[in-house]
Amino acid sequence: MIDSDVRPFLILLAVLVAGLTSAVLIHALRTARFRDSMLSWSWVLAGAVAVGTGLWSAQALALLGGGTASTSSFGFRWVALAWLVCVGAAGLALTVTRQLKATQLRLLVLPWVLALLLGGTMLAAVRLLPAGTPVLAWQGGWGAAAVAMLLISATLTMWWLDSIEARSDAMAAQAATGVGVLGVGLACAHAMAIQAVRFAEAANGTIDGLDALGLTLAAAVGALAVAMALLSVWVEARNRERTDTLANSLNEANTQLRKQAFCDPLTTLPNRLLFEERLHQTLQRVGRAPSAMAVLFIDLDGFKPINDSFGHAAGDVVLREVGGRLQALAGQQGTAARVGGDEFLLLVPSPGGTDGAATAAQHVLQALGRPYRLPNRGEVKLSCSIGIAMFPEHGSTAKLIANADAAMYAAKRTGGSTYAFFEARMDLDVREQVELQNELRLAIERKQLQLYYQPKIHAASGQVTGVEALIRWDHPVRGLISPEVFIPVAERFGLIGSIGNWVIEEACQQIRQWLDLGLRMRVAVNLSMHQLRQDDLVPRIRRALEAHRVDPSLLTFEITESVAMEDTQATMRSFGHLARVGASLSIDDFGTGYSSLAYLRKLPARQLKIDRGFVADIEHSSDALAVVDAVIKLAHALGLKVVAEGVETENQRDILLGLRCDELQGYLFAKPMPAKMLTLWAMDDDSHEIEFRHSLFQHQFSNSVQ
């Protein structure tokens, strides 16, 4: 006997179970539709059991809460049959949902399947009645209302679910609303179904089976199973959400990696790799007709002084603005890319022949020639040099960029601020440079590189004060190659660092050999900007000095004025480190750059070298004479010594002596020579004719450095 006070709680529990069941049903419906074939069928089976059990439990609790047959027994067979009917009806609903693809079809068919499900559960409810319980009356109005309620709630729920498939941001709230609608519909439909059938208790209708309390416990167990199913649904949803979050994070990471791999981080333009990909894509689109494409290789003229004068932040602003202007010129069909520090590429599809490509280059010159506003509100103006290569006239897609690069160098050699089309002779230059860099990579291993030494002479006494180490390449086929030929190749192809390290090591070794012979010779070595930017430069120098037991004061490092001013902060930092090692520092080719006296005063240099161009004109040009005079006086005022290089005549020597130049270097005294010949020359060996010695000087080697 179920007490009447308990029945309202059973009704509430039935409503709660209906709501939980609707939540499981909605999840099973969506999962069965979006899983792969094997996994979706497993969800159909699991969902059918969970939903069917929930419907059976809700129906049983509704019957008991309504006071029906609360004192009789329920046959085990009919209890099991009722449960199977509910599971089968739920399975049918999920199967129909899985098979139906169109939204309209689901909206029309599925609610009727759920209505049949309700009809099945109503039949099960009747079969749940204890044996001998007569059905007093069938209320058709309540039955129709129950079916209508379920149809309405099911239709609304399916429409809601279909409307949120593409709206993942609102899915949680929309799905909760769908659960509520279907849950209320199920609960009301059950209540109406109970009202549709009125029963009378049979006093002596007991048979073997479950009594009212047993059925209540069974329904509670079913409700607990539904709750556990819903908990598993929640856990699965959380795991899926976590998986989706990780997948999104992975997609974002892949997007960032792709962006880093194919885009320039400063300007966000494509890099060389993506540009080449776009080149091939454009080829597929425009074909191989004459002048199908033009590649413009763009190098900024005068960009480095902006970094020096205004800082790297200002330089970055200019580069971003250049990228934006080129992107605007490229439009939808073309491609702009950044491939180096101040080097850019522009792909122009179907330019309209050489005239059209020239017009495009002229537009680039005009666009990049407009002023650039800097962060400090100042303005600067730039120009650029442009090389143009046409496809297919100037080579295959694999050679277009290299050929445009060669044409750009030709434009830059003419003074810049112009453009040049690729020519066949440029291909020979490019090919020769590629061959040279391949051979240069092996030159050190094959011991083809040599150091030649040119003496520096004290102007007043004629004594040797030191030598400058000059690299030469003794090529087995080409013969002796000047550094003016292969050093630009080394810088362009990134070999200058390894060559510079070899020079330092070789110079220290030669100083040691001279010391062992009793000669205390100071050696000057040239440094490139690439070496100054190497973090391990100073440790390398220190290790070389220690390995060969060389006094650091015997090593002088020369850096050209233009390199020194290219990155003043890096130069001052590197010079400071080198000075702490104990080596001497010298500014080479002074007068050809744009030195700031403020920086020059702060640099720990001990020596300035006057460029040979001024020395060559000193006899005939009053301007050159004035420059040399001013440089010498400036250097002496700063406590620096002055070396004049390129001295070839006695008249030049006499003028420099009159200007109180400290040291002289040039063919008048000696040409660069191998270490062995220099040793004989310095030691005044009479058994060897020294063809480069000047007759006016009796060369004496001094251990003291003037």
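Note that the working numbering has the sequence shown beginning at 948, numbered continuously upward. The C-beta atom is built at its ideal place from N, Cα and C for all residues, glycine as well.
Under the three-state reduction of DSSP output, H1259 falls in the helix class.
When the Cα atoms are used, R1496 and P1551 turn out to be separated by approximately 24 Å.
The three-state secondary structure of D1535, taken from DSSP, is strand. Nearest in C-alpha terms to R1317, of all of E1382, L1462, L1247, is L1247. Judged by their CB atoms, T1503 and S1475 are not nearer to each other than the 9 Å cut-off. Counting other Cβ atoms within 10 Å of its Cβ, V1424 stays below 16 and is therefore classed as exposed.
Distances from the CA of G1593 to each of T1042, R1559, L959 were compared; the closest alpha carbon is that of R1559. Counting C-beta pairs with one atom in each stretch, the stretch 1286 to 1300 and the stretch 1235 to 1242 have three or more that are closer than 8 Å, which means they touch.
When the beta-carbon positions are compared, A1304 and V1295 come within less than 9 Å of each other.
Judged by DSSP in its simplified three-state form, D1289 adopts coil rather than helix or strand.
Between D1352 and the set F1368, R1267, T1361, the nearest pair of CA atoms involves F1368. In the DSSP assignment, C1331 falls within the unbroken beta strand (DSSP E) covering 1330 to 1338. Beyond the five residues adjoining it in sequence on each side, P1430 comes within less than 8 Å, by CB distance, of L1417, I1418, R1419, W1420 in the same chain, given in chain order.
Shown here, E1370 sits in coil according to DSSP, grouped into three states, outside any helix or strand. Shown here for K1328: same chain residues with a beta carbon closer than 8 Å to its own, the five before and five after excluded, namely G1316, R1317, P1318, Y1319 in chain order. Residue environment: V1311 is assigned as buried (16 or more neighbouring CB atoms within 10 Å of its CB, all protein chains considered). Non-local C-beta neighbours of V996 in its own chain, meaning closer than 7 Å and more than five positions away in sequence, comprise V1034, ordered along the chain. A straight line joining the alpha-carbon of R1553 with that of G1586 spans about 7 Å. The straight-line gap separating the alpha-carbon atoms of R1189 and S1179 is approximately 15 Å. Rounded to whole angstroms, the Cβ separation of L1213 and R1272 is 15 Å, and the two are not in contact under 8 Å. The three-state reading of DSSP puts T1000 in helix, counting H, G and I together. According to the DSSP assignment, Q1460 belongs to the alpha helix (DSSP H) that extends over 1443 to 1463. For N1473, DSSP records a beta bridge to E1505. Between Q1456 and Y1400, the CB-CB gap reaches or exceeds 9 Å. The same chain holds no residue with a CB closer than 7 Å to that of E1370 once the five nearest residues on each side in sequence are set aside. Residue nearest to S1364 within the set D1536, D1609, Q1309, I1443 is Q1309 (criterion: CA-CA distance). Apart from sequence neighbours up to five positions away, no residue of its chain approaches M1624 with a beta-carbon distance below 6 Å.
K1346 carries a helical assignment under DSSP once its states are collapsed to helix, strand and coil.
Going by beta carbons, G1409 and M1468 fall outside the 9 Å limit.
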